[in-house]
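Protein chains: 2
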Amino acid sequence: MAERLIYLPLGGAGEIGMNAYVYGYGEPGRERLIVVDLGVTFGDMDSAPGIDLIMADVGWLEANRDRIEGIFITHGHEDHVGALGLLWPKIQKPVHCRRFTGALARLKLEEMGQPVDQLQIHAPRPEVITAGPFQVQFVPISHSIPESSALIIDTPAGRIVHTGDFKLDGTPVVGEAFDPIMWHEIAGEGQGIKVLACDSTNIFSPQPGRSEALLANPLLDFVMAQRQMVVATTFASNIARLKTLAEAGVAAGRKICLLGRAMRRMITVGIETGILTSFPPVVSPEEAAELPRDKVLLIVTGSQGERRAASAQLSRGRYLGIELKEGDSFLFSSRTIPGNERGVIRIQNQLSEMGVDLFDADDGVYHVSGHANRPDIEAVHDLLKPQIVIPMHGEHMHLREHAKLATKKGLAAMVATNGDMIDLTGPVPRVVDQIDTGRLYLDGSVLIGAMDGVVRDRIRMALNGHAMVSVIIDEDDSPLPDAWVELSGLPETGRAGVPVAQSIEGELAEFLDRADGKTVRNDDKLEEAIRKITRQVSMEEIGKKPEVTVIISRLAAE
Amino acid sequence: MAERLIYLPLGGAGEIGMNAYVYGYGEPGRERLIVVDLGVTFGDMDSAPGIDLIMADVGWLEANRDRIEGIFITHGHEDHVGALGLLWPKIQKPVHCRRFTGALARLKLEEMGQPVDQLQIHAPRPEVITAGPFQVQFVPISHSIPESSALIIDTPAGRIVHTGDFKLDGTPVVGEAFDPIMWHEIAGEGQGIKVLACDSTNIFSPQPGRSEALLANPLLDFVMAQRQMVVATTFASNIARLKTLAEAGVAAGRKICLLGRAMRRMITVGIETGILTSFPPVVSPEEAAELPRDKVLLIVTGSQGERRAASAQLSRGRYLGIELKEGDSFLFSSRTIPGNERGVIRIQNQLSEMGVDLFDADDGVYHVSGHANRPDIEAVHDLLKPQIVIPMHGEHMHLREHAKLATKKGLAAMVATNGDMIDLTGPVPRVVDQIDTGRLYLDGSVLIGAMDGVVRDRIRMALNGHAMVSVIIDEDDSPLPDAWVELSGLPETGRAGVPVAQSIEGELAEFLDRADGKTVRNDDKLEEAIRKITRQVSMEEIGKKPEVTVIISRLAAE
Chain A
1 MAERLIYLPL GGAGEIGMNA YVYGYGEPGR ERLIVVDLGV TFGDMDSAPG IDLIMADVGW
61 LEANRDRIEG IFITHGHEDH VGALGLLWPK IQKPVHCRRF TGALARLKLE EMGQPVDQLQ
121 IHAPRPEVIT AGPFQVQFVP ISHSIPESSA LIIDTPAGRI VHTGDFKLDG TPVVGEAFDP
181 IMWHEIAGEG QGIKVLACDS TNIFSPQPGR SEALLANPLL DFVMAQRQMV VATTFASNIA
241 RLKTLAEAGV AAGRKICLLG RAMRRMITVG IETGILTSFP PVVSPEEAAE LPRDKVLLIV
301 TGSQGERRAA SAQLSRGRYL GIELKEGDSF LFSSRTIPGN ERGVIRIQNQ LSEMGVDLFD
361 ADDGVYHVSG HANRPDIEAV HDLLKPQIVI PMHGEHMHLR EHAKLATKKG LAAMVATNGD
421 MIDLTGPVPR VVDQIDTGRL YLDGSVLIGA MDGVVRDRIR MALNGHAMVS VIIDEDDSPL
481 PDAWVELSGL PETGRAGVPV AQSIEGELAE FLDRADGKTV RNDDKLEEAI RKITRQVSME
541 EIGKKPEVTV IISRLAAE
Chain B
1 MAERLIYLPL GGAGEIGMNA YVYGYGEPGR ERLIVVDLGV TFGDMDSAPG IDLIMADVGW
61 LEANRDRIEG IFITHGHEDH VGALGLLWPK IQKPVHCRRF TGALARLKLE EMGQPVDQLQ
121 IHAPRPEVIT AGPFQVQFVP ISHSIPESSA LIIDTPAGRI VHTGDFKLDG TPVVGEAFDP
181 IMWHEIAGEG QGIKVLACDS TNIFSPQPGR SEALLANPLL DFVMAQRQMV VATTFASNIA
241 RLKTLAEAGV AAGRKICLLG RAMRRMITVG IETGILTSFP PVVSPEEAAE LPRDKVLLIV
301 TGSQGERRAA SAQLSRGRYL GIELKEGDSF LFSSRTIPGN ERGVIRIQNQ LSEMGVDLFD
361 ADDGVYHVSG HANRPDIEAV HDLLKPQIVI PMHGEHMHLR EHAKLATKKG LAAMVATNGD
421 MIDLTGPVPR VVDQIDTGRL YLDGSVLIGA MDGVVRDRIR MALNGHAMVS VIIDEDDSPL
481 PDAWVELSGL PETGRAGVPV AQSIEGELAE FLDRADGKTV RNDDKLEEAI RKITRQVSME
541 EIGKKPEVTV IISRLAAE
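Here the protein sequences come in this chain order: A and B. First residue of the first sequence? That's 1 in the UniProt record's numbering, and the numbers climb one at a time after it. First residue of the second sequence? That's 1 in the UniProt record's numbering, and the numbers climb one at a time after it.
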């Protein structure tokens, strides 16, 4: 059979977060494969209460492990590398990165006790990595973390450019600038570019993106204008922003103090890997607490309202000896990711109660996005002149809008979401298979499937409460007269003015007294009857049908 | 003792939603009281899973019921009238409204089986309602629902203007325009205005608000430009918007179909109360389904992503015989309220998967806010020239910003949040008491306190899962060797590769076998020991400590 080139997103296509993409080349069903990125996304109470991390279900990769040539990581954001340590055991192939990303990838592997010798650190283009039928180059591109890379993936069927996350920034403060001339060369080599798999997250932003360097003056003006303590929060991995903030602080005569483990780690990794050649000296929280309030700039984690990050800690009172006060200033040098509003607003109100003045980045003066906006995406289409555009990384609406844009420009385009296997060999993309995919959840120390029912049961208990009933059947298959009922997450007293549990126990005692032997001897029947009575009495008493767990204990004849 | 004028917010001050304010006049501790608004807010999975409605805890009003003269409702939004039926039994005093608001208030009372003869319908100013020492007038003001009213509350200590929710709209499409001349008169009467209690929700919006009437042309252009079915969603109570949308549809040659019970009810109430003098004829969903796709405009509920509203139903497939298709258009003529993003995005993606084109109001072309922005609030300060400004209805940060604005203009201002009793008698406001306040939750058919622990337990079960253990102690105070364990919302298999429940049962059996009599005879001690073992084994097996419920059944000697 003729060989073919395939694209298979397992995560990130139809959602923002948990990126995981597969490319393959070879005979159908026997393609050699490479994996691009293994990221996570974060759960929330609405859909995944108690879940620590969410990632793509890589069952298909596990089943086809012998066909995989390697894993390539484009950059060090959690939604691109966060699942590496957790999923590596299912794949067990070499991991390719550049130096800074590699340092973060190493931490992910170490955390999960996976072998770090699988990590291979590469220089950017012109270095070429051969992985089966693929020739891969890391190409510097700008983003909100240093050393973000697009991939050139050369295959016998043509050249793919996989952008990873990117923006067009000629002055990114830290890391490599977007280099249109190099990209022009890349587009001109050989047969040109067959496929552009391209970041779609900001397709609905109509203005051209703005450079990181534009923030230096506004941030300096901002810090200069404040009279007491200044706190600024942003993503820890946005090292350029940390540097701009810190330099603004120093220029305004303040000492810099970093709060939050992730932030200190990023600076360390940045310096160790040579990405960050200069960063102002920092003081410890203890030193900062001793300084006059107008001589300190705190740069802290928790811009998305995370409950355990430094921002939230400061909003709740004294943290590491530092306490915010009336007249202090708190800057969100960040954008609130949709879905995180409640957490951010909670912190903002707590700060307001302390008398802290809030400065919000949602107006864009103190923040720029790390992603290409619609005109930037269009510019990349024009620059690279691909035959096919595959919109990547975005909710369905982003992918669809991106595909419409490409189609309007006369390019072949297709919306492919997680699990769609696309044949890219011909002039237009074609769906050739649908792979069972889904999400894995890290719950405590265990990986579970999103559809295992664990989370469904948690959500049900949270919405409906939980009633537990214990009944005992004696040696002669007669129920003991008392049933014990315990309620959790339910009002104690109902319409009858007595404890709801007591009302249920009363009804159950009556039922058990007259239950026939056939029902009593059958666990399923007995349980079903008890559940029904419990829900019925609850409904009458409190207008709610709880989840019910029944434990039937059968006493054995001694 | 000298008489005094007090203000006491019980809800809405330090949050957006569940408005409930109290004014009092008289000797300290014996003031006669009026209540302004009794609204609800809505729970979410993060803070109140399974809770149907949230409202102010009016325990203080209940305890001082004999001092209350009446309840005044400013307008018909849920966050101002939604708790009336639920809380009326605790207050049991006459309810004063204008006609349209009264029709909605009547529905609230009827739903909860409360007497509707307590409802008194009033004409706007110049009608004066006497309630103890208070002389109250309803004054028309514009908002996103018809007949919104500010209150003039004349007291022996001076005149209060309580704005309710408002905007400055000279052309509100439906209902009364903002009338600056009347407000100028109001400010000029007698001693002028002592206190302005003023809506703060939009204090951070720097541009002057825009009129509802500005939407007619953009909405008509929008509908004219669409080629297939058009769906528009907005708040059901925004009758002006419904009318503008419907008229745009008719002008574009389409039939109008309203989907969602709340929407049809609002139109009915609007027509019955004379608020709405004309509305285009509507067709039923069955008729709409039969019409050519380019001849229909659906106006539907669910702009905030509510799971059971018409928008969500349509996003999931066929609804009342109507199914959206590739090329249809869906307009959000609304703003997403912070915290509702996840639900809205879910619907938008599902629509995108159907091929429906999305038009989003967050850019403001197809939506205007119902609240006064910062310059509008400032204009009201200037127009009314109050002695004291009390920022009302807003998160803490809104109230604080509003107070700063007033102070800068030389007005006395104070941030008062729920439970702060403020003395307004003198030239500057003064905190004189702190009332125990909080939130009540409607859970099924029961009102519970937010701090009762019910919701706390639900959140814990959702985050940690729930383990139930049943042990039986026989007639001789000896535990039976087997403990039964059931897990809910927890992974089935742990590190040991066997069911987690089985691992726990094993450890518990060992413990019960060697437990001393003192522990076994004491329920608390036994329960504590069992809980500890259960959590320990879970932690080892799955890295998580679940909530644990223990049921100890003691067999009685027969």
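C-beta: ideal position from N, C-alpha, C; glycine also. Every value quoted in this text rests on a predicted model; they were computed, and no experiment measured them.
Subject >> C-alpha distance - residue 32 of chain A paired with residue 467 of chain A, whole-angstrom precision >> reply: 52 angstroms
Original post:
Would residue 408 of chain A count as contacting chain B if we go by Cβ distances under 8 angstroms?
Top reply: no
Subject >> Strand pairing of residue 277 of chain A, partner residues [DSSP] >> reply: For residue 277 of chain A, which the question treats as bridged, DSSP gives no partner whatsoever.
Subject >> Own chain, CB closer than 6 angstroms to residue 100 of chain A, minus 5 neighbours either side, in chain order >> reply: Excluding sequence neighbours, residue 100 of chain A sits near 146, 147, 273 and 275.
Original post:
If you run the structure through DSSP and keep just helix, strand and coil, what is residue 32 of chain B?
Top reply: strand
Subject >> Contact set between the stretch 467-486 of chain A and chain B, restricted to residues whose Cβ is under 8 angstroms from the partner >> reply: The stretch 467-486 of chain A vs chain B, Cβ under 8 angstroms: 468, 470, 472, 480, 482, 484 and 486.
Original post:
Relative to the alpha-carbon of residue 338 of chain A, which residue among A:202, A:129 and A:2 has its alpha-carbon at the smallest distance?
Top reply: Of A:202, A:129 and A:2, the smallest CA-CA separation from residue 338 of chain A is found for A:202.
Subject >> Alpha carbon of residue 159 of chain B to alpha carbon of residue 199 of chain B, nearest angstrom >> reply: Our two residues, residue 159 of chain B and residue 199 of chain B, have alpha carbons roughly 17 angstroms apart in a direct line.
Original post:
So with Cβ pairs under 8 angstroms, would you call residue 437 of chain B a contact of chain A?
Top reply: It does not; no Cβ of chain A falls within 8 angstroms.
Original post:
Do three or more CB pairs link the stretch 418-433 of chain A to the stretch 410-425 of chain B at distances below 8 angstroms?
Top reply: No, because fewer than three Cβ pairs between the stretch 418-433 of chain A and the stretch 410-425 of chain B fall closer than 8 angstroms, the two stretches do not touch.
Original post:
Out of curiosity, what's the CA-to-CA distance linking residue 219 of chain A and residue 183 of chain B?
Top reply: 43 angstroms
Original post:
Span of the beta strand (DSSP E) holding residue 149 of chain A?
Top reply: 149-155
Original post:
What are the partner residues of residue 199 of chain A, as DSSP defines its beta bridges?
Top reply: A:392
Original post:
Would you call the CB atoms of residue 68 of chain B and residue 95 of chain B closer than 8 angstroms?
Top reply: no
Original post:
Would a C-beta distance cut-off of 8 angstroms place residue 211 of chain B and residue 368 of chain B closer than the cut-off?
Top reply: yes
Original post:
Going along chain B, which residues have a C-beta under 7 angstroms from residue 544 of chain A?
Top reply: Near residue 544 of chain A (Cβ distances below 7 angstroms), the residues of chain B are 443 and 444.
Original post:
When the distance is taken between beta carbons, is residue 150 of chain B closer than 8 angstroms to residue 139 of chain B?
Top reply: Here residue 139 of chain B is near residue 150 of chain B, since their CB atoms are less than 8 angstroms apart.
Original post:
Thinking C-alpha only, which one of A:108, A:93 and A:386 is nearest residue 80 of chain A?
Top reply: Closest option to residue 80 of chain A, Cα to Cα, is A:108.
Original post:
Which full runs of the beta strand (DSSP E) of 3+ residues lie inside the stretch 248-312 of chain B, going along the chain?
Top reply: 255-259 and 296-300
Subject >> Reduced DSSP category for residue 240 of chain A - H, G, I as helix; E, B as strand; rest coil >> reply: In this structure, residue 240 of chain A counts as helix in the three-state DSSP scheme.
Original post:
What residues match up with residue 367 of chain A in a beta bridge as DSSP calls it?
Top reply: In the DSSP output, where bridge partners are listed per residue, residue 367 of chain A has none listed.
Original post:
Which chain A residues sit within Cβ distance under 8 angstroms of residue 217 of chain B?
Top reply: The premise fails here: residue 217 of chain B is roughly 21 angstroms from chain A at the closest Cβ pair, so nothing lies under 8 angstroms.
**OP:** Evaluate residue 456 of chain A with the Cβ neighbour count: other Cβ atoms within 10 Å of its Cβ, from every protein chain shown; 16 or more gives buried, anything less gives exposed.
**Re:** exposed
**OP:** Starting from residue 45 of chain A, find everything on chain B with Cβ-Cβ shorter than 9 angstroms and list it in chain order.
**Re:** 44, 45, 46, 47, 49, 459, 462 and 463
**OP:** Using 10 angstroms around the beta-carbon of residue 496 of chain A, count the other beta-carbons present and answer buried if the total reaches 16, otherwise exposed.
**Re:** exposed
**OP:** My understanding is that residue 246 of chain A touches residue 256 of chain A, with C-beta atoms under 8 angstroms, so please give their C-beta distance in whole angstroms.
**Re:** At roughly 5 angstroms, the Cβ-Cβ gap stays under 8 angstroms, so residue 246 of chain A and residue 256 of chain A are in contact.
Subject >> residue 19 of chain A at chain B interface by Cβ criterion, 8 angstroms >> reply: no
**OP:** Taking all protein chains shown into account, decide if residue 29 of chain A is buried (16 or more other Cβ within 10 angstroms of its Cβ) or exposed.
**Re:** exposed
Original post:
Taking C-alpha atoms, which residue in B:446, B:448, B:492 and B:471 lies nearest to residue 465 of chain B?
Top reply: B:492
Subject >> Beta-carbon gap between residue 51 of chain A and residue 523 of chain A smaller than 8 angstroms >> reply: no
Original post:
For a contact meaning CB atoms closer than 8 angstroms, what does residue 339 of chain B contact in chain A?
Top reply: Here the neighbours are 341, 342 and 345.
**OP:** May I ask you to report which of helix, strand or coil DSSP gives residue 122 of chain B?
**Re:** coil
**OP:** Over the uninterrupted alpha helix (DSSP H) stretch that includes residue 421 of chain B, give me the two end residues.
**Re:** Looking at the DSSP string, residue 421 of chain B is not in any alpha helix (DSSP H); the run it does join, the beta strand (DSSP E), is 420-423.
Original post:
Taking Cβ positions only, does residue 490 of chain A come closer than 8 angstroms to chain B?
Top reply: yes
**OP:** Under 8 angstroms by Cβ, that's how I've got residue 229 of chain B and residue 328 of chain B pegged, so tell me the actual separation to the nearest angstrom.
**Re:** 4 angstroms
Subject >> Paired residues, beta bridge with residue 184 of chain A - DSSP >> reply: Residue 184 of chain A is not bridged to any residue.
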